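In the working numbering, the protein residues as written are 1159 to 1547. Data first, discussion second: the structure below is written as structure tokens.
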């Protein structure tokens, strides 16, 4: 396939990814095209990043317009684009301040630093088992997956991990050193596990009772993915700190860390920063994304998620243990007799992209612009694939 195999033998790329041998040249809407002209249905979206598909005309126009004006600006200067995006997002989340960075892991590193600065000596952060918060040292220390830690000890001090959706375990873990609790309202890498509304509300009450911060990592489940701007809004809970990235700029590098006034007021000039964070071109893309996330679009996402989940539930395969998720963030858990990576491979042979989450879950992350015909096509092909086992 365009000399991929020969290129692999001379590649200078670090071998930290087990890459699929598909070389994409361009995308349009819900499809990606490889260099041989093959068309793939993209229900991966770069892992919940290109939520409005590829080459979206509104986003493309905004990016092109900004490229003609200004590519980079130091954060030493005022940015009307940062101010506009911060206002548009924070006014919908209920937060007072926003810090822009380049990625999800940076957004979570900021959350960890802000917590320690606010904690004034308290630095303990309780996370959950199977969580994923990023690859940098602080974020990986916050992640409750031992496989991510191997070879990188010692981890950042102060983290401990309790079972997800277990409020009693969280209460038991709180002590005098606890400064924050960090969770994903929907665990992505951990298997598309959805936090209950009761759990999220219980965490809010627990944090208020002990004067500790509640941090929601919505890197993957935020920016409309579930049918709300952020997934925690289904439960009516407001965190003290919120991290966001992935779909925020539809493929351009941007992260955001929201915080309330008590946290924001301790972050003074020189206490944190970024060279590239809040890049003008990425901001232009993000502003277009926010404008596209209308109430009608959010309703479509929610309804499409229900439609796709119903299709999947009706497959009645002996290999499917559970269908779960919210909106267009869906997990298909298989019984142990089947490996989701094998399912993924067979779907790719049929020119369909998705991904896995953990050892037993197929993760489906369609673009928001997908229509029923695309969901039907996906379900029909998944059904056919499962019948091959």
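Beta carbons: idealized from backbone N, C-alpha and C, even for Gly. Here the structure is a predicted model, which is why all the values come from computation and not from measurement.
Cα-Cα separation between residue i and residue j, rounded to whole angstroms
i, j, result
"residue 1335", "residue 1399", "18 Å"
"residue 1178", "residue 1363", "45 Å"
"residue 1200", "residue 1227", "32 Å"
"residue 1474", "residue 1180", "31 Å"
"residue 1384", "residue 1468", "16 Å"
"residue 1261", "residue 1287", "22 Å"
"residue 1507", "residue 1208", "22 Å"
"residue 1536", "residue 1523", "12 Å"
"residue 1354", "residue 1217", "34 Å"
"residue 1356", "residue 1487", "20 Å"
"residue 1382", "residue 1463", "12 Å"
"residue 1231", "residue 1359", "40 Å"
"residue 1151", "residue 1274", "As displayed, the chain neither begins before 1159 nor continues past 1547, which places residue 1151 out of reach and without an answer."
"residue 1311", "residue 1298", "11 Å"
"residue 1543", "residue 1511", "13 Å"
"residue 1352", "residue 1518", "16 Å"
"residue 1192", "residue 1429", "45 Å"
"residue 1405", "residue 1278", "33 Å"
"residue 1378", "residue 1419", "25 Å"
"residue 1257", "residue 1416", "6 Å"
"residue 1324", "residue 1307", "23 Å"
"residue 1159", "residue 1423", "Annotation note: pLDDT 48 at residue 1159 (below 50); position unreliable, no value reported."
"residue 1456", "residue 1344", "17 Å"
"residue 1476", "residue 1498", "14 Å"
"residue 1495", "residue 1313", "35 Å"
"residue 1128", "residue 1403", "Since the displayed the chain opens at 1159 and closes at 1547, residue 1128 lies outside it and no answer follows."
"residue 1388", "residue 1376", "7 Å"
"residue 1211", "residue 1408", "8 Å"
"residue 1513", "residue 1371", "33 Å"
"residue 1176", "residue 1204", "15 Å"
"residue 1202", "residue 1235", "37 Å"
"residue 1478", "residue 1491", "6 Å"
"residue 1547", "residue 1505", "13 Å"
"residue 1341", "residue 1259", "20 Å"
"residue 1526", "residue 1329", "37 Å"
"residue 1233", "residue 1450", "27 Å"
"residue 1339", "residue 1373", "6 Å"
Beta-carbon gap between residue i and residue j smaller than 7 Å
i, j, result
"residue 1213", "residue 1185", "yes"
"residue 1501", "residue 1520", "yes"
"residue 1143", "residue 1395", "Shown here, the chain extends from 1159 to 1547; a query on residue 1143 therefore has no answer."
"residue 1229", "residue 1447", "no"
"residue 1584", "residue 1247", "Any question about residue 1584 goes unanswered here, given that the chain covers just 1159 to 1547."
"residue 1240", "residue 1436", "yes"
"residue 1283", "residue 1316", "yes"
"residue 1320", "residue 1368", "no"
"residue 1410", "residue 1443", "yes"
"residue 1265", "residue 1413", "yes"
"residue 1272", "residue 1421", "yes"
"residue 1549", "residue 1301", "Here the chain has residues from 1159 to 1547 only, and residue 1549 is not among them."
"residue 1459", "residue 1485", "yes"
"residue 1401", "residue 1528", "no"
"residue 1292", "residue 1263", "yes"
"residue 1198", "residue 1509", "yes"
For residue i: DSSP bridge partner residues
i, result
"residue 1191", "1184, 1197"
"residue 1375", "1401"
"residue 1285", "1319"
"residue 1351", "1345"
"residue 1258", "1414"
"residue 1406", "The partner list for residue 1406 (beta bridge, DSSP) is empty, contrary to what the question assumes."
"residue 1338", "1283, 1371"
"residue 1238", "Answer is none; residue 1238 lacks a bridge partner."
"residue 1212", "1187"
Where the alpha helix (DSSP H) through residue i begins and ends
i, result
"residue 1322", "No alpha helix (DSSP H) contains residue 1322, which DSSP labels as neither H nor E."
"residue 1306", "1304 to 1307"
"residue 1215", "1215 to 1225"
"residue 1205", "1203 to 1206"
"residue 1296", "1295 to 1300"
"residue 1448", "1438 to 1450"
Boundaries (first-last residue) of the beta strand (DSSP E) holding residue i
i, result
"residue 1414", "1413 to 1417"
heavy atom of the ligand ADP below 6 Å from residue i C-beta
i, result
"residue 1346", "This structure lacks the ligand ADP, and indeed carries no ligand of any kind."
Exercise for review: Could I get the ranges of all uninterrupted beta strand (DSSP E) runs contained in the segment 1456 to 1540, with 3 residues as the minimum, in chain order?
Suggested key: For the segment 1456 to 1540, whole beta strand (DSSP E) runs of length 3 or above, ordered along the chain, are 1478 to 1484, 1487 to 1492, 1513 to 1515, 1519 to 1522.
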